[in-house]
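Reading the sequence shown from the start, the letters are residues 1 to 282 in the UniProt record's numbering. All C-beta atoms in this analysis are idealised placements derived from N, C-alpha and C, irrespective of residue type, glycine included.
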Amino acid sequence: MLSTDPITGAAKEAGRLAVHITANDLISSGAEPLGLMLTVLLPPETKEKELRQLSAEVQEECVKLGIAVIGGHTEVTDVVRKPLISVTGIGKVKEEELVSTRGAKPGQDIVVTKYIGLEGTGIIAREQEQLLKERFPEEFLDEAKACLEQVSVVPEGKIARKYASSMHDITEGGIYGALWEVAQASGVGLEVAVEDIPVKQHTIELCEFFDLNPYQLISSGSMLIVTDHGNALVRELEQEGIKASVIGRTTGSNDKIIYRQGKAASLEAPKQDELYKIGERS
1 MLSTDPITGA AKEAGRLAVH ITANDLISSG AEPLGLMLTV LLPPETKEKE
51 LRQLSAEVQE ECVKLGIAVI GGHTEVTDVV RKPLISVTGI GKVKEEELVS
101 TRGAKPGQDI VVTKYIGLEG TGIIAREQEQ LLKERFPEEF LDEAKACLEQ
151 VSVVPEGKIA RKYASSMHDI TEGGIYGALW EVAQASGVGL EVAVEDIPVK
201 QHTIELCEFF DLNPYQLISS GSMLIVTDHG NALVRELEQE GIKASVIGRT
251 TGSNDKIIYR QGKAASLEAP KQDELYKIGE RS
């Protein structure tokens with residue numbers, strides 16, 4: 001199985017994210033990640049130590065996941081203003097064990113692992129650190145930056161694939177985007193309570209600072225799983241030290257309903273990720 005992903009939202013930690021986002025994509029289809037190939041485009045002002053750092057991040061994360069770098073290409077070009085990485089991942093899975101985004105059925109549980117917004121929180125804390133220091137204490141920002149250490153969903157994916165009708169790694173567009181994509185692909189509706197969606201206080205406060213919606217913030221590190229056995233899956237994940245929550249159910253209608261304090265609202269189609277709003281304002 002092949003997967004291709006661009007890394008465009010982060011300058012810092014781009015090598016680390018490149019590995020995990022690609023591995024996440026593979027495991028979300030039920031595939032065991034085996035290797036990856038990278039194309040790296042760097043702006044002319046890139047320093048040699050930055051390239052070495054990127055390479056070291058890639059190698060370190062590949063070792064952690066037990067996957068190999070099997071090829072790639074690096075180029076310095078004035079076409080880009082910050083590093084652009086395109087990654088092709090290779091994985092293996094039996095055809096009968098493939099898990100599809102479009103596999104959700106009416107009446108199933110919707111499960112979310114860990115916390116939404118981990119990737120976005122870590123990126124914001126690292127790339128806007130100087131500005132954020134004026135408002136937040138150092139300990140708070142260190143904890144927010146550490147969210148990037150939790151962006152792999154490979155551990156939960158290996159457990160969840162035997163339960164799942166549908167799996168989706170939550171990336172650009174956040175949890176709202178992922179819910180929309182699964183429902184649209186599967187031809188089901190959904191009912192989800194906002195209060196049941198797990199989100200860290202760090203994410204809430206950084207989003208308030210920049211006037212962002214945390215539910216539409218890039219969220220690698222969190223997986224959306226649709227299953228007949230939500231509570232059993234949550235128990236098994238938590239036995240392995242992985243937080244998980246049942247946040248709602250799929251339905252037989254086409255309505256995508258989000259409840260906030262008991263009041264219903266229709267889920268809208270995903271828009272541009274909230275992370276990019278920061279760049280537009282700077």
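Where the beta strand (DSSP E) containing residue i begins and where it ends
i      : result
His168 : 164-169
Val188 : Run containing Val188: none; DSSP gives neither H nor E here.
DSSP state of residue i mapped onto helix, strand, coil
i      : result
Ala160 : helix
Tyr259 : strand
Leu212 : coil
Gly221 : coil
Ala264 : strand
Asp273 : coil
Ala244 : strand
Ile204 : helix
Ile124 : helix
Val111 : strand
Arg249 : strand
Ala178 : helix
Val192 : strand
Val153 : coil
8 Å CB neighbourhood of residue i in its chain, flanking five on each side removed
i      : result
Lys94  : none
Asp196 : Ser245, Val246, Ile247, Gly248
Ile70  : Gly35, Leu36, Met37, Ile90
Gly72  : Met37, Leu38, Thr39, Val40
Same chain, Cβ closer than 7 Å to residue i, five either side skipped, listed in chain order
i      : result
Trp180 : Lys256, Leu267, Ala269, Pro270
Glu238 : Ala244
Gly173 : Gln216, Pro270, Asp273
Glu129 : Leu141
Val151 : Leu17, His20, Leu118, Glu119, Ser220, Gly221
Pairwise C-alpha distance: residue j and residue i
i           : j      : result
Cys147      : Ala183 : 28 Å
Val194      : Ile247 : 8 Å
Leu233      : Glu57  : 32 Å
Asp5        : Val112 : 22 Å
Ile242      : Glu75  : 39 Å
Gln201      : Gly117 : 11 Å
Met37       : Ala264 : 45 Å
Thr88       : Thr22  : 7 Å
Arg235      : Pro155 : 15 Å
Ile175      : Glu50  : 32 Å
Arg161      : Glu32  : 11 Å
Glu13       : Glu48  : 16 Å
Thr101      : Arg81  : 34 Å
Gly15       : Ile27  : 19 Å
residue 283 : Ile110 : Coverage of the chain is limited to positions 1 through 282, which leaves residue 283 absent and any answer about it impossible.
Gly103      : Met1   : 18 Å
Ala125      : Ala18  : 18 Å
Lys92       : Ala68  : 14 Å
Glu149      : Ile159 : 20 Å
Pro198      : Gln59  : 31 Å
Phe136      : Glu143 : 11 Å
Val63       : Ile258 : 40 Å
Residue i: first and last residue of the uninterrupted alpha helix (DSSP H) it sits in
i           : result
Ile116      : Run containing Ile116: none; DSSP gives neither H nor E here.
residue 284 : Nothing about residue 284 can be read from this structure; the chain reaches only from 1 to 282.
Ala144      : 138-145
Leu2        : Where Leu2 is concerned, there is no enclosing alpha helix (DSSP H), although the beta strand (DSSP E) it sits in stretches over 2-7.
Gln130      : 129-132
Own chain partners of residue i with C-beta closer than 6 Å, once the 5 adjacent residues on each side are dropped
i      : result
Gly120 : Leu217, Ile218, Leu275
Ile170 : Ala178, Ser219, Ser222, Leu224
Ala164 : Val99, Ile225, Thr227
Leu41  : Glu75, Thr77, Val80, Leu84
His229 : Tyr163
Ser86  : Pro6, Thr39
Next on the checklist: Ignoring anything shorter than 4 residues, give me the alpha helix (DSSP H) runs that lie fully in the UniProt domain "PurM-like N-terminal" (10-93), in order along the chain.
Outcome noted: Counting only runs of at least 4 residues, the UniProt domain "PurM-like N-terminal" (10-93) fully encloses the following alpha helix (DSSP H) elements, listed from N- to C-terminal order: 14-27, 48-65.
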